[in-house]
Amino acid sequence: MPPRFVWPNVSEKNDGANRDATTKRSARERLQQERERQKTRDKRRRTLIVSAAVVGVLGLAAVVGLIAANAGSGDKSAKAGPVAAPSGATGKDALAIQTGPAGAKSRLTVWEDFRCPACKAFETNYRDTIHDLESRGLLNVEYHLVTLIDGNMGGSGSLKGANAAACAQDAGKFAAYHDLLFQNQPEETDDAYGKNAKLLELAGKVDGLDTAAFRSCVEDGTHNSWVGKSHEAFAAGKFRGTPTVLLDGKDIFADQADPLTPQKLKAKVEAAAGVPKDKPSGSASPSGAASPSASASGKASGSGGSKSLSKGAPQG
19 MPPRFVWPNV
29 SEKNDGANRD
39 ATTKRSARER
49 LQQERERQKT
59 RDKRRRTLIV
69 SAAVVGVLGL
79 AAVVGLIAAN
89 AGSGDKSAKA
99 GPVAAPSGAT
109 GKDALAIQTG
119 PAGAKSRLTV
129 WEDFRCPACK
139 AFETNYRDTI
149 HDLESRGLLN
159 VEYHLVTLID
169 GNMGGSGSLK
179 GANAAACAQD
189 AGKFAAYHDL
199 LFQNQPEETD
209 DAYGKNAKLL
219 ELAGKVDGLD
229 TAAFRSCVED
239 GTHNSWVGKS
249 HEAFAAGKFR
259 GTPTVLLDGK
269 DIFADQADPL
279 TPQKLKAKVE
289 AAAGVPKDKP
299 SGSASPSGAA
309 SPSASASGKA
319 SGSGGSKSLS
329 KGAPQG
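Structure (structure tokens):
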């Protein structure tokens, strides 16, 4: 019997071909998926690297800003020229301007910046009490002028304001001009005191201050280097911020839970002078003040932001 021809199994061939095609397609798909996953991983890694670099730069900027603030590098002219202390300056390196009687039993040491809102808050709440104690011969005050806000915010208002105040000291008008600068203090971000015209305009409100000698002193920056040296002393003292206020060497805001209010300052100074508790003081002191401190700003602000009165350490 002749051999029988057997037709090939087309169905089986098709199935095999389909399986091969499916296998190849699956391999291509897996390869494509793996490539997509690798791209995603590479993109994520690049993002993390860039993010880390940005964070590093911002961190470095913050550190540099802090160093600049502490070094008072807001205006290089603060260190230009010879150091010319204002008339009557006292203390180490003649860096303090005194008000009140030198022989008083108590001494208040104040580190201030004319652009610092917390310094204005301190002056607003303690000024009347301080002047009352000075007028009664009970308190001597040493003012040290610094340029912290110039370093934090940029500009030159801290420096030029301090120089103008030192010029006012030369004219025997420091106390009145000092108070006027704080009473008219611009917003922290407004460098109005960086303009001599503004400082001269305010001088016109103090009797006898707006003279040719005062104008020349302000415009020439006569005491700029002295202000720079004062700020260097502030940085070397490692104080927490401005205002820093010491009563006979002790920080009046060291105890944040119980800062030295104007009433307590008055009581301590009177007690040191032996004033009987029931003796009237002759003038009332402001009520309810607590220590000046920085709110979360900016900035640093500093590092920089606005300051307010609250229980806590003062910061400029």
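Those letters in the sequence shown? Residues 19 to 334, per our numbering, in order. Built from N, CA and C at the ideal position, the CB exists for glycine as well.
Cβ separation of A184 and W244, assumed to be a contact under 8 Å, to the nearest whole Å
6 Å
Checklist entry - Any Cβ of chain C within less than 8 Å of the Cβ of A186? => result Looking at the structure shown, chain C is missing, and only one protein chain is on hand.
Span of the alpha helix (DSSP H), counted from its first residue to its last, around L265: Careful: L265 lies outside any alpha helix (DSSP H), inside the beta strand (DSSP E) at T262 to L265.
Discussion item. So, under 8 Å CB-CB, L157 and L126 are touching, yes? Tell me the CB distance rounded to an integer number of Å.
Written reply: 6 Å
**Message:** Please report the distance separating the alpha-carbon of V118 from that of H149.
**Reply:** Per the sequence shown, the amino acid found at residue 118 is Gly instead of Val. Between G118 and H149, the C-alpha separation is close to 8 Å.
Check your understanding: Hey, how far is the Cα of A289 from the Cα of N214?
Key -> 43 Å
Exercise. Looking at C-alpha atoms only, which residue of L151, V236 and G173 is the closest neighbour of K123?
Worked result: L151
Residues near I270 by beta carbon distance below 6 Å, same chain, minus five either side
V263 and L278
Exercise for review: Go ahead and label Q51 buried or exposed: buried means 16 or more other beta carbons lie within 10 angstroms of its beta carbon, across all protein chains shown.
Suggested key: exposed
Practice task
Pick out whichever of D273, T147 and G212 has its Cα sitting closest to the Cα of N242.
Solution key: G212
message: In whole angstroms, give me the CA-to-CA distance for L166 and A251.
response: 12 Å
Checklist line | Inter-stretch contact at 8 Å, needing at least 3 Cβ pairs: the stretch 139–146 / the stretch 215–231 | finding: no
| Does DSSP put L217 in a helix, a strand or coil? | helix
For R125, three-class secondary structure by DSSP: strand
Handout entry: CB-CB length for K138 against F200, believed under 8 Å
Key = 5 Å
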